[in-house]
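**Q** Below is the structure I would like to discuss, written out as structure tokens.
Numbering (my numbering), first residue to last: 387 to 696.
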């Protein structure tokens, strides 16, 4: 059906010059990603234009059958593997810029195949056991943003290879069974491992800002050539007394009043996410527009309306 429909449409004269027609379809696809599968049925030429845009932002979570409410079509690991098999790895290398593996159920062999194909990847979320995942992503030389479980970063401490030469934003998530993600004894080594990341400027921690964690970060920051501009703690509620130094505006608590998936998708799509909110807060604090004792930002979804599915 698709072939006959596409073939018949190809026979009609084009109302616009090819470059303008392509621009119209690409702008439509980018403004409404959830429409891309339908746009691919219009004609073969349109499919060739917009299909790569389908993979620009990939969010994989088995429990979610549709991302329509967020404005994005659902994708699966099976679809990515099939695309690699049918089109070759070069297709995803040029297309995929953002991947969020929001799942604990993921075969390491499948992960390696996908990441080996996505060599142009710039933004990655990986929510699985730390050991194999860091080995699989170590060759992603264009990666700028990474979200990973906290103790995974320990694996780069003794790795002699250069790792993540372009990484600027790192979020360390708490592990499933440990609120801090690492033990007290591992804290110095965990944050000392950050010195292996030459371009790192933004650090986020999915844990409570205890006195020990804050002091450890300060010590490592003073002893290593880090250039951290933003140190963000992601919390679910306001904290009465966060142990942040008043003379260091880089420390910020971001309170989530927004779905995590929405924030990540919005950030991958437009750049408006908690990183940007924290940067604006820190800039205002440095300029004296915000009192130096203030350290909390409430991230809200009130100003974001996802595009309609149809």
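The C-beta atom is built at its ideal place from N, Cα and C for all residues, glycine as well.
Computed from a prediction, not measured in an experiment: that's the story for all the values here.
Report, in whole angstroms, the separation of the C-beta atoms of residue 558 and residue 592, which I expect to be a contact under 8 Å.
**A** The residue you call residue 558 lines up with position 172 of the chain shown. The residue you call residue 592 lines up with position 206 of the chain shown. Sure, about 7 Å apart at Cβ, within 8 Å.
**Q** With distances taken between CB atoms, is the gap from residue 443 to residue 476 smaller than 9 Å?
**A** Walking along the chain shown from the start, residue 443 turns up at place 57. Walking along the chain shown from the start, residue 476 turns up at place 90. Not closer than 9 Å, so no.
**Q** Suppose only complete runs of 3+ residues qualify. What are the beta strand (DSSP E) ranges in the stretch 470-527, listed by chain order?
**A** Qualifying beta strand (DSSP E) stretches, in chain order: 484-487 and 509-512.
**Q** Does DSSP put residue 461 in a helix, in a strand, or in coil?
**A** For the purposes of this step, residue 461 is identified with residue 75 of the chain shown, where counting begins at 1. Residue state, collapsed to three classes: coil.
**Q** Should residue 472 be labelled buried (16 or more other beta-carbon atoms within 10 Å of its own) or exposed?
**A** Working through the chain shown from its first residue, we reach residue 472 at position 86. Residue 472 is exposed by the Cβ-count criterion.
**Q** Given 8 Å as the limit, is there contact between the stretch 640-650 and the stretch 667-686, that is, 3 or more CB pairs closer than that?
**A** Yes: at least three Cβ pairs fall under 8 Å.
**Q** Just the C-alpha distance for residue 432 and residue 404, rounded to the nearest angstrom, thanks.
**A** In the chain shown, the residue the question calls residue 432 occupies position 46. In the chain shown, the residue the question calls residue 404 occupies position 18. Going from the Cα of residue 432 to the Cα of residue 404 covers about 10 Å.
**Q** Quick check on this structure: which residue in 576, 511 and 464 has the alpha carbon closest to the alpha carbon of residue 487?
**A** Reading the chain shown from its first residue, position 101 is the one you call residue 487. Of the candidates 576, 511 and 464, the one whose C-alpha sits nearest the C-alpha of residue 487 is 511.
**Q** If I measure Cβ to Cβ from residue 383 and keep anything under 6 Å in the same chain, skipping five residues before and after, which residues do I get?
**A** Given that the chain is displayed from residue 387 to residue 696, the structure contains no residue 383 and the question cannot be resolved.
**Q** Assuming the contact rule is C-beta atoms closer than 8 Å, residue 587 and residue 554 should be a hit. Round their C-beta distance to whole Å, please.
**A** Your numbering for residue 587 matches position 201 in the chain shown. Your numbering for residue 554 matches position 168 in the chain shown. The Cβ separation is near 5 Å, so the contact holds.
**Q** Quick one: grab the DSSP three-state call for residue 591.
**A** Locating residue 591 in the chain shown gives position 205, counting from the first residue. Of the three classes helix, strand and coil, the one that applies to residue 591 here is strand, per DSSP.
**Q** Does the Cβ-Cβ distance between residue 466 and residue 503 come in under 9 Å?
**A** Against the chain shown, residue 466 aligns to sequence position 80. Against the chain shown, residue 503 aligns to sequence position 117. Against a cut-off of 9 Å, the Cβ pair of residue 503 and residue 466 comes out as a contact.
**Q** Following the continuous alpha helix (DSSP H) through residue 624, name the residue where it begins and the one where it ends.
**A** In the chain shown, residue 624 corresponds to position 238, counting from 1. From DSSP, residue 624 is part of no alpha helix (DSSP H); its letter is neither H nor E.
**Q** Hey, could you find the ends of the beta strand (DSSP E) residue 445 is sitting in?
**A** Here residue 445 is taken as the residue at index 59 of the chain shown, counted from 1. Where residue 445 is concerned, the enclosing beta strand (DSSP E) stretches over 443-446.
**Q** What does residue 355 pair with, by DSSP beta-bridge criteria?
**A** Since the first residue shown for the chain is 387 and the last is 696, residue 355 is missing from the structure and cannot be characterised.
**Q** Could you please give me the residues that DSSP links to residue 639 through a beta bridge?
**A** One-based indexing of the chain shown puts residue 639 at position 253. Answer by DSSP bridge pairing, in chain order: 619 and 682.
**Q** Alpha helix (DSSP H) containing residue 666: first to last residue?
**A** Taking the first residue of the chain shown as 1, we reach residue 666 at position 280. Its alpha helix (DSSP H) spans residues 660-672.
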